[in-house]
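A.B. asks: Start counting the sequence shown at 5; every next residue gets the next number (my numbering). The structure that follows is given in the form of structure tokens.
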Amino acid sequence: MTTAVFPLGDLGAVQDHLAAADPDRTLVPCGISAVLLGRDRIGRVADAVAGLLDDRPATDGRRPTVLLLVDATPIQRLGDDLKTAVRTSLEQRFDVRTEVLTDEHPVLHADEAALDTASRAAQGVDAIVSVGGGTVTDIGKVASVNAGGVPHAAVQTAASVDGFTDDVSVVLRAGVKRTIASRWPDVVIADVETISEAPARMNRAGFGEITSMFTAPADWRLGALLQVDPTFHPAPTQLLDAVGADIDEWAPGVAVADPAAVERLTWALAVRGIATGVSGTTAVLSGVEHLVSHMLDLHHGEHGLPMGLHGAQVGAAAVIAAAAWELLFDRMAQGAPAVRIPDSDVARARVESAFGHLGSQVTAECWSDYSRKLATWAAHRPAVEAAVADWGRVEPELRRLLRPSADIAAQLRAAGAAALLADLDPSVDPALAHWAVANCALMRNRSTVVDLLVALGWWGADDAAEVLVRADRAATGARPGVR
Ligand SMILES: [Zn+2]
């Protein structure tokens, strides 16, 4: 395991590590040319855009046109309006076209209408500058693709998610959140003054998102050990080890928006995004904790309720994911039962009972994903059985990629983030929590520890309830500030 440390904002060091750890070049190349992280970075936006346009032929002496993509939320930076400041500095060198994205929701969603509007506005421009959070950035990436790969500089205004530095976008399709392929931003501008002034709940949610690095890589590795997911590569997990190593030191600073801690958080999120992008799959950082978060989104979305912040949900669900691993380890220590992959009829009945109340479209979509996953597991049943039989060798490999549920909960509390689903906004009641956790394996074609628990006959309603009790104990036993 590497002990590499990447200096803040040093994309070159990250690229060097990836090159050394992936001599066969099996990973996706990182398409970002710079992450401008630090103080006073807003003054560099126009220079960064000019740098991206350098190798473009000048057309008739006209000034290049830049699309400024924003939402309607006012953002302050040291007492000034950030978007006006960016626009003013761009106007000194470029013709600037501004598109303010709005929709009928209180906060902007990356739905079909928003993606269409942005993509239309991007036609014929020389560069896109998006200024905003994860949603505006994700829309900017899609607009860049739809305008033929026009250069995109993303100005990040919060450390809320890790999607600023990857090549996918989270979009809303027919009301359901989906991750689609899009494009790396060419430059990411992460100005510490701006990000430190973001609403506290945004950056605390970003900290929640971070904690999936202590659970999801084990799900990803498990998929490889059971031969149900061939995508595992050690290099991205080594990046995560490096940026997660000293998280206990800076977590308390996130709770009070200390700029130095916010800078560490921003960098850790940036490296996470790169780890996902180069892996060519979100599986590296998206396991049980993300499935539980998606289940909550599904529930809230289908009932017309406001959705919670993604990262905040992921954080509380990471405690549950770690507790599921602990349940598995404790039970395996007593001996493993025979592997039983659910047959199609039983599985279909489970999906219908879990999602039937949300309508036939949701049920059909979940069954389509889950049935493909079951077919993969059935085809690789001998490998699953071999791993279970050789558990003494398998478990240490997985444990190396995990942190205890109590440690994750303590980090979340230290950073001022929710460690319990009940502490989220909107709050999740015990019945919804149980539904989301008990059925999380049924919604996506993503293999996790819960699928192994299912195959071992250890994922009935009582088992999910036991995991929730373990997670509650981990979260309430954790005291703020304890390292
Ligand atoms: Zn996430």
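Beta carbons are placed, not taken as given, at the ideal position from N, Cα and C, and that holds for glycine.
#1: For the alpha helix (DSSP H) containing Ala-131, list its first residue and its last residue.
#2: Alpha carbon to alpha carbon, how far is Leu-22 from Pro-240?
#3: Please identify the residue among Thr-235, Leu-230, Val-343, Ala-222 whose C-alpha is closest to the C-alpha of Glu-293.
#4: On a CA-only basis, which of Gly-55, Asp-349, Val-432, Arg-182 is nearest Arg-448? Give me that one, please.
#5: Within its chain, find whatever has a CB closer than 7 Å to the CB of Val-159; leave out the 5 residues flanking it on each side and keep chain order.
#6: Between which residues of its own chain and Leu-331 is the CB-CB distance below 8 Å, once the five residues before and five after are set aside?
#7: Please say whether Ala-163 and Val-32 have beta carbons closer to each other than 8 Å?
#8: Going by C-alpha distance, which of Ala-328, Val-398, Val-174 is nearest Gly-464?
#9: Whose C-beta lies closer than 7 Å to the C-beta of Phe-359 among residues of the same chain, with five residues either side of it excluded?
#10: So is Gly-481 buried or exposed if we call it buried at 16+ other beta carbons inside 10 Å?
#11: When a residue counts only if its C-beta is closer than 7 Å to some heavy atom of ligand 1, which residues count, in chain order?
#12: For Ala-54, tell me which candidate among Asp-99, Ala-342, Glu-401, Asp-26 has the shortest Cα-Cα distance.
#13: According to DSSP, what are the bridge partners of Arg-177?
#14: Compare the Cα-Cα distances from Val-350 to each of Ala-151, Lys-87, Asp-195, Ser-375 and report the closest residue.
#15: With burial defined as no fewer than 16 other Cβ atoms inside 10 Å of the residue's Cβ, what is the status of Ala-157: buried or exposed?
#16: Around the C-beta of His-113, are 16 or more other C-beta atoms found within 10 angstroms, so that it is buried, or is it exposed?
#17: Report the CB separation of Arg-417 from Ala-423 in whole angstroms; it is logged as a contact under 8 Å.
#18: DSSP three-state call for Gln-80: helix, strand or coil?
#19: Taking buried to mean at least 16 other C-beta atoms within 10 Å of its own C-beta, is Ser-372 buried or exposed?
#20: Ends of the alpha helix (DSSP H) at His-304?
#21: State buried or exposed for Ala-488, treating a residue as buried only when at least 16 other CB atoms are found within 10 Å of its CB.
#22: Do the stretch 288–307 and the stretch 188–204 make contact, defined as three or more Cβ pairs closer than 8 Å?
#23: Using the Cβ count rule (16 or more neighbours within 10 Å means buried), how would you classify Ala-264?
#24: Suppose the cutoff is 8 Å on Cβ atoms and the five residues either side in sequence are ignored; what does the same chain contact list for Asp-84 look like?
#25: DSSP three-state call for His-156: helix, strand or coil?
#26: Output the boundary residues of the beta strand (DSSP E) element that contains Thr-69.
#27: State the DSSP-derived secondary structure class of Arg-91, mapped to helix, strand or coil.
#28: In whole angstroms, what is the alpha-carbon distance linking Ala-246 and Arg-67?
#29: Please state whether DSSP places Glu-330 in a helix, a strand or coil.
#30: Buried or exposed for Ala-201, going by 16 or more other Cβ atoms inside 10 Å?
#31: Exposed or buried, Asp-248, counting other C-beta atoms within 10 Å across all chains shown (16 or more means buried)?
#32: Can you tell me whether Arg-187 is buried or exposed, with buried defined as 16 or more other CB within 10 angstroms of its CB?
#33: Would you check if the distance between the CB atom of Ile-345 and the CB atom of Thr-198 is smaller than 8 Å?
#34: Would you report the Cα separation of Thr-6 and Gln-242, rounded to the nearest angstrom?
#35: Would you check if the distance between the CB atom of His-237 and the CB atom of Ser-283 is smaller than 8 Å?
#36: Pick helix, strand or coil for Gly-312, following the three-state DSSP scheme.
C.D. replies: On the basis of the supplied data:
#1: Here the question's residue 131 lines up with position 127 in the sequence shown. No alpha helix (DSSP H) contains Ala-131, which is instead part of the beta strand (DSSP E) from 131–136.
#2: Counting from one through the sequence shown, the residue named residue 22 turns up at place 18. Counting from one through the sequence shown, the residue named residue 240 turns up at place 236. Going from the Cα of Leu-22 to the Cα of Pro-240 covers about 8 Å.
#3: Your numbering for residue 293 matches position 289 in the sequence shown. The option with the nearest alpha carbon to Glu-293 is Ala-222.
#4: Counted from its first residue, the sequence shown places residue 448 at position 444. Of Gly-55, Asp-349, Val-432, Arg-182, the residue nearest in Cα terms is Arg-182.
#5: Residue 159 sits at position 155 when you count from the first residue of the sequence shown. For Val-159, where only same-chain residues beyond five positions count, the Cβ hits under 7 Å are Val-49, Val-90, Val-133, Ser-134, Val-135, Ile-193.
#6: Taking the sequence shown and counting its residues from 1, one reaches residue 331 at position 327. Once the five neighbours on either side are set aside, the close Cβ partners of Leu-331 are Leu-457, Trp-462, Asp-467, Glu-470, Val-471, Arg-474.
#7: In the sequence shown, residue 32 corresponds to position 28, counting from 1. In the sequence shown, residue 163 corresponds to position 159, counting from 1. No; because the gap between Cβ atoms is not below 8 Å, this pair is not in contact.
#8: By 1-based counting over the sequence shown, the position of residue 464 is 460. Ranking the options by Cα distance to Gly-464, first place goes to Ala-328.
#9: Here the question's residue 359 lines up with position 355 in the sequence shown. Closer than 7 Å at Cβ, skipping near neighbours: Val-366, Thr-367, Cys-370.
#10: Translated into positions along the sequence shown, residue 481 becomes position 477. Classification of Gly-481: exposed, given that the 10 Å Cβ count is below 16.
#11: Val-165, Asp-166, Glu-213, Ser-216, Leu-289, Ser-290, His-294, His-314, Gly-315, Val-318
#12: Counted from its first residue, the sequence shown places residue 54 at position 50. Checking every option, the nearest Cα to that of Ala-54 belongs to Asp-99.
#13: The sequence position of residue 177 within the sequence shown is 173, counting from 1. Paired residue(s): Val-180.
#14: Locating residue 350 in the sequence shown gives position 346, where the first residue counts as 1. When only C-alpha atoms are compared, the closest one is Ser-375.
#15: Numbered from 1 along the sequence shown, position 153 holds the residue referred to as residue 157. Classification of Ala-157: buried, given that the 10 Å Cβ count is 16 or more.
#16: For the purposes of this step, residue 113 is taken as residue 109 along the sequence shown, with counting starting at 1. Buried: at least 16 other Cβ atoms inside 10 Å.
#17: For this step, residue 417 is matched to residue 413 along the sequence shown. For this step, residue 423 is matched to residue 419 along the sequence shown. Correct: roughly 5 Å between the Cβ atoms.
#18: Taking the first residue of the sequence shown as position 1, residue 80 is located at position 76. Strand.
#19: Along the sequence shown, read from residue 1 onward, the residue named residue 372 stands at position 368. It counts as exposed.
#20: On the sequence shown, residue 304 is found 300 positions in, with the first residue counted as 1. His-304 -> alpha helix (DSSP H) spans 292–306.
#21: Any answer about residue 488 is impossible in this case: the structure gives the chain only from 5 up to 487.
#22: no
#23: In the sequence shown, the residue the question calls residue 264 occupies position 260. Ala-264 is classed as exposed because its beta carbon has fewer than 16 other beta carbons within 10 Å across all chains shown.
#24: Locating residue 84 in the sequence shown gives position 80, where the first residue counts as 1. So no residue of the chain qualifies.
#25: Counting from one through the sequence shown, the residue named residue 156 turns up at place 152. Reduced to three states, the DSSP call for His-156 is strand.
#26: Translated into positions along the sequence shown, residue 69 becomes position 65. Thr-69 -> beta strand (DSSP E) spans 69–75.
#27: Locating residue 91 in the sequence shown gives position 87, where the first residue counts as 1. Three-state DSSP puts Arg-91 in a helix.
#28: As a position in the sequence shown, residue 246 is number 242, starting the count at 1. As a position in the sequence shown, residue 67 is number 63, starting the count at 1. Cα to Cα, Ala-246 sits roughly 43 Å from Arg-67.
#29: Sequence index remark: in the sequence shown, residue 330 carries index 326 (1-based). Here Glu-330 sits in helix by DSSP.
#30: Sequence index remark: in the sequence shown, residue 201 carries index 197 (1-based). What sits at residue 201 in the sequence shown is Glu, not Ala. Answer is buried; the Cβ neighbour count reaches 16.
#31: For the purposes of this step, residue 248 is identified with residue 244 of the sequence shown, where counting begins at 1. The amino acid occupying residue 248 in the given sequence is Gly; Asp does not appear at that position. Per the 10 Å Cβ criterion, buried.
#32: Locating residue 187 in the sequence shown gives position 183, where the first residue counts as 1. By the 10 Å Cβ count, Arg-187 comes out buried.
#33: Residue numbering aside, residue 345 sits at position 341 when the sequence shown is read from its first letter. Residue numbering aside, residue 198 sits at position 194 when the sequence shown is read from its first letter. No, Cβ-Cβ distance for Ile-345 and Thr-198 is not below 8 Å.
#34: Position 2 of the sequence shown, counted from the first residue, corresponds to residue 6. Position 238 of the sequence shown, counted from the first residue, corresponds to residue 242. With a pLDDT of 41 at Thr-6, under the threshold of 50, the predicted position of this residue should be treated as unreliable, and no value is reported.
#35: Here residue 237 refers to the residue found at position 233 of the sequence shown. Here residue 283 refers to the residue found at position 279 of the sequence shown. Result yes, Cβ atoms of His-237 and Ser-283 sit closer than 8 Å.
#36: Along the sequence shown, one-based indexing puts residue 312 at 308. If DSSP states are grouped into helix, strand and coil, Gly-312 belongs with coil.
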